[in-house]
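Working notes, structure below.
Number of protein chains: 2
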Amino acid sequence: MKTKERIVATALQLFNEEGEPNVTTNHIADEMDISPGNLYYHYRSKDDIIWQIFQNYEEKIRQVLSQKNVNYASLEDMWFYLHMVFEVIAEFRFLYRNLIQLMNRIDFLKRHFRRILAMKSQTALAIMTNLSEKNLLNADKQTIASLADQIALTATFWLNYSIAIYDDDFDEEKKLSHGIFHIMRMVAPFLTEKDKALLDELSTQYL
Amino acid sequence: MKTKERIVATALQLFNEEGEPNVTTNHIADEMDISPGNLYYHYRSKDDIIWQIFQNYEEKIRQVLSQKNVNYASLEDMWFYLHMVFEVIAEFRFLYRNLIQLMNRIDFLKRHFRRILAMKSQTALAIMTNLSEKNLLNADKQTIASLADQIALTATFWLNYSIAIYDDDFDEEKKLSHGIFHIMRMVAPFLTEKDKALLDELSTQYL
DNA sequence: GTCTATATAGGGATAGAC
DNA sequence: GTCTATCCCTATATAGAC
Numbered sequence: 000m001k002t003k004e005r006i007v008a009t010a011l012q013l014f015n016e017e018g019e020p021n022v023t024t025n026h027i028a029d030e031m032d033i034s035p036g037n038l039y040y041h042y043r044s045k046d047d048i049i050w051q052i053f054q055n056y057e058e059k060i061r062q063v064l065s066q067k068n069v070n071y072a073s074l075e076d077m078w079f080y081l082h083m084v085f086e087v088i089a090e091f092r093f094l095y096r097n098l099i100q101l102m103n104r105i106d107f108l109k110r111h112f113r114r115i116l117a118m119k120s121q122t123a124l125a126i127m128t129n130l131s132e133k134n135l136l137n138a139d140k141q142t143i144a145s146l147a148d149q150i151a152l153t154a155t156f157w158l159n160y161s162i163a164i165y166d167d168d169f170d171e172e173k174k175l176s177h178g179i180f181h182i183m184r185m186v187a188p189f190l191t192e193k194d195k196a197l198l199d200e201l202s203t204q205y206l
Numbered sequence: 000m001k002t003k004e005r006i007v008a009t010a011l012q013l014f015n016e017e018g019e020p021n022v023t024t025n026h027i028a029d030e031m032d033i034s035p036g037n038l039y040y041h042y043r044s045k046d047d048i049i050w051q052i053f054q055n056y057e058e059k060i061r062q063v064l065s066q067k068n069v070n071y072a073s074l075e076d077m078w079f080y081l082h083m084v085f086e087v088i089a090e091f092r093f094l095y096r097n098l099i100q101l102m103n104r105i106d107f108l109k110r111h112f113r114r115i116l117a118m119k120s121q122t123a124l125a126i127m128t129n130l131s132e133k134n135l136l137n138a139d140k141q142t143i144a145s146l147a148d149q150i151a152l153t154a155t156f157w158l159n160y161s162i163a164i165y166d167d168d169f170d171e172e173k174k175l176s177h178g179i180f181h182i183m184r185m186v187a188p189f190l191t192e193k194d195k196a197l198l199d200e201l202s203t204q205y206l
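Protein chains in written order, with numbering that gives the first Met the number 0: chain A, 0 to 206; chain B, 0 to 206.
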């Protein structure tokens, strides 16, 4: 791996572990065993590094959110969608932990994140509309629209919520699947009896 | 107002306006036309000021969340509850904007906020259980429990969500009532027809 | 209680040699 | 591309006079 890529990889790791405000450019250079000057040869500023990480994030999340090649036709598909979204969020969790501050500091990031958030909502809406048309989800348009927003909000802030509410050493992996179940339970009242049962079964298996 | 109180009041105002990380102790002193030295005579550190503000917040939110003197018996009561919660959140919104960072920095704050969050969930649960027993809310226990958590999560992060999603100059007041409606729409599918109609009416009035 | 002056520390970032 | 050395700036916090 080239130095330029290593900087981004190391920064991401440290940001996720320590929180972006607690990680200085010197820390990053130290961790990589390079000099601070070298780091600044590759990136003009700390925000430049963050911006590069964000672009990597954006590429990944867009792939998940573009519905082109997938036809969501069952509850499992929705499950799958949520799982992928939460995976990407976990990989770039520092972005979500300090979202407002980062958006205020880096204007590009604000605009791009806003668009991604809208996409999340739209994708959730598309999936549920699809399920509704297949009679797998029994809810009117208004309810579905409201659920879609709610799913986007919950996915975005679930990690913060679980940090706020659980003990610190609570297993990372569990937090994620807990979040997915949390969302599925919001949808549960509108599922068919068969899918409700499936969800209950999965609950006992995973939680 | 004594200087000690003015410091807290000014700090709260600046934190809310500029974001806590962007406000230094010098800014606070400047804004008050006192010297930085004087500020440090009254408070040992910046975190000490934040801790004092937090205690003021805690007192207010506990009053809202203690259900002792209120018997929630109608949809309007729930509305009222949400309104009061959102008011307090708005008054201390800087806490919510940088929640994770502040919790990591100030250990007391973490523990206390955790307890308050649990109370929010419990109060929402109590209200809805009450409504359910009066047949104003038609949902099973599992659904109600899930809704209660969802309400606590949404109330906590609604402000961040609206900052993330809306234009910056979007009216503060509207953001709040928008959040209340958002929560009410989550509950709507389980309301009586009469209350659903009431909600729709209020929607057209307020949004 | 309040001021002025200052210590201390650390972070972001650059210059110039190699 | 990489290093060393260093500059600049700002933030928290303290000392000591009034």
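Glycine is no exception: its CB is placed at the ideal position from the N, C-alpha and C atoms.
- [ ] Could you have a look at B/L81 and say whether DSSP puts it in helix, strand or coil?
- [x] Residue 81 of chain B sits at position 82 when you count from the first residue of the second sequence. Three-state result, B/L81: helix.
Open item on the list: Using C-beta distances below 8 Å, list every residue in its chain close to B/N37, excluding the 5 sequence neighbours before and after it, in chain order.
Closed with: One-based indexing of the second sequence puts residue 37 of chain B at position 38. Closer than 8 Å at Cβ, skipping near neighbours: T2 and A28.
Open item on the list: Buried or exposed for B/V69, going by 16 or more other Cβ atoms inside 10 Å?
Closed with: Within the second sequence, the letter at position 70 stands for residue 69 of chain B. Label assigned to B/V69: exposed.
- [ ] Please determine, among A/A196, A/R5, A/I182 and A/L136, the residue with the shortest C-alpha to C-alpha distance to A/S73.
- [x] By one-based count along the first sequence, residue 73 of chain A stands at place 74. The alpha carbon of A/S73 has as its nearest neighbour, out of A/A196, A/R5, A/I182 and A/L136, the alpha carbon of A/L136.
Open item on the list: With the cut-off set at 8 Å, would you say B/G18 and B/R104 are in Cβ contact?
Closed with: Position 19 of the second sequence, counted from the start, is the residue given in the question as residue 18 of chain B. Position 105 of the second sequence, counted from the start, is the residue given in the question as residue 104 of chain B. It is not a contact, given that the beta carbons lie outside the stated cut-off.
Task: C-beta neighbour in chain A for B/G178, strict 8 Å - done: For the purposes of this step, residue 178 of chain B is taken as residue 179 along the second sequence, with counting starting at 1. No, no contact with chain A.
- [ ] State the beta-bridge partners of A/L136 as determined by DSSP.
- [x] Working through the first sequence from its first residue, we reach residue 136 of chain A at position 137. DSSP, once it has assigned bridges, lists A/L190 as partnering A/L136.
Task: Pick from A/A125, A/W50 and A/I99 that is closest to B/N21, judged by C-alpha positions - done: Locating residue 21 of chain B in the second sequence gives position 22, where the first residue counts as 1. The residue with the shortest Cα to Cα distance from B/N21 is A/I99.
Task: Residue nearest to B/Y40 in terms of C-alpha spacing, selected from B/Y71, B/I6 and B/V186 - done: For the purposes of this step, residue 40 of chain B is taken as the residue at position 41 of the second sequence. With distances taken between Cα atoms, B/Y40 lies closest to B/I6.
Task: Supposed contact pair A/L116 and B/A10 - C-beta distance, whole angstroms, cut 8 Å - done: Residue 10 of chain B sits at position 11 when you count from the first residue of the second sequence. Residue 116 of chain A sits at position 117 when you count from the first residue of the first sequence. Between the beta-carbon of B/A10 and that of A/L116 there is about 31 Å, and that puts the pair past the 8 Å contact cut.
Task: Where A/I143 falls: helix, strand or coil (DSSP) - done: Mapped onto the first sequence, residue 143 of chain A falls at position 144. Three-state result, A/I143: helix.
Task: Cα-Cα separation between B/V84 and A/H26, rounded to whole angstroms - done: On the second sequence, residue 84 of chain B is found 85 positions in, with the first residue counted as 1. On the first sequence, residue 26 of chain A is found 27 positions in, with the first residue counted as 1. When rounded, the separation of the alpha-carbon atoms in B/V84 and A/H26 is 40 Å.
- [ ] Compute the Euclidean distance between the alpha carbons of B/V63 and B/I48, then round it to the nearest angstrom.
- [x] Working through the second sequence from its first residue, we reach residue 63 of chain B at position 64. Working through the second sequence from its first residue, we reach residue 48 of chain B at position 49. Their backbone Cα atoms lie some 23 Å apart in a straight line.
TODO: With 8 Å as the threshold, decide whether the Cβ of B/D76 is near any Cβ in chain A.
DONE: If you number the second sequence from 1, residue 76 of chain B lands on position 77. No - not a single Cβ of chain A is within 8 Å of the one on B/D76.
- [ ] Within 10 angstroms of the Cβ of A/K119, are there 16 or more other Cβ atoms? Answer buried if so, exposed if not.
- [x] Counted from its first residue, the first sequence places residue 119 of chain A at position 120. Buried, since its Cβ has 16 or more Cβ neighbours within 10 Å.
- [ ] Determine which residues of the segment 95-117 of chain A have a Cβ less than 7 Å from any Cβ of chain B, and write them out in chain order.
- [x] Those would be R96, N97, L98, I99, Q100, M102, N103, F112, R113 and L116, in chain order.
Open item on the list: For a test of the three-state rule: what should DSSP assign to B/K210, helix, strand or coil?
Closed with: As displayed, chain B neither begins before 0 nor continues past 206, which places residue 210 of chain B out of reach and without an answer.
Open item on the list: Relative to the C-alpha of A/Q66, which candidate in A/F79, A/T23 and A/M185 has its C-alpha closest?
Closed with: Against the first sequence, residue 66 of chain A aligns to sequence position 67. Ranked by how close their Cα comes to the Cα of A/Q66, the residues A/F79, A/T23 and A/M185 have A/F79 in first place.
Task: A/S34 - DSSP class collapsed to helix/strand/coil - done: Locating residue 34 of chain A in the first sequence gives position 35, counting from the first residue. Here A/S34 sits in coil by DSSP.
- [ ] Please decide whether A/N137 counts as near chain B, where near means a Cβ-Cβ distance under 8 Å.
- [x] As a position in the first sequence, residue 137 of chain A is number 138, starting the count at 1. At a cut-off of 8 Å between C-beta atoms, A/N137 does not count as an interface residue with respect to chain B.
Task: Proximal chain B residues relative to A/Q12, where beta-carbon distance stays under 8 Å - done: In the first sequence, residue 12 of chain A corresponds to position 13, counting from 1. Think of a sphere of 8 Å around the beta carbon of A/Q12: no beta carbon from chain B falls inside it, the nearest being about 18 Å out.
Task: First and last residue of the uninterrupted alpha helix (DSSP H) at B/D47 - done: On the second sequence, position 48 is the one that residue 47 of chain B refers to. K45 to L64 is the extent of the alpha helix (DSSP H) around B/D47.
- [ ] Helix, strand or coil for B/K211, going by three-state DSSP, please let me know.
- [x] In the structure displayed, chain B extends from 0 to 206; residue 211 of chain B sits before or after that span and is not available.
Open item on the list: Does the CB of A/A163 have a neighbour CB from chain B at under 8 Å?
Closed with: Working through the first sequence from its first residue, we reach residue 163 of chain A at position 164. Under the Cβ distance rule, A/A163 counts among the residues neighbouring chain B, one pair being separated by less than 8 Å.
- [ ] Spell out whether any CB of chain B is found under 8 Å from the CB atom of A/D148.
- [x] For the purposes of this step, residue 148 of chain A is identified with residue 149 of the first sequence, where counting begins at 1. Cβ-Cβ to chain B under 8 Å: yes for A/D148.
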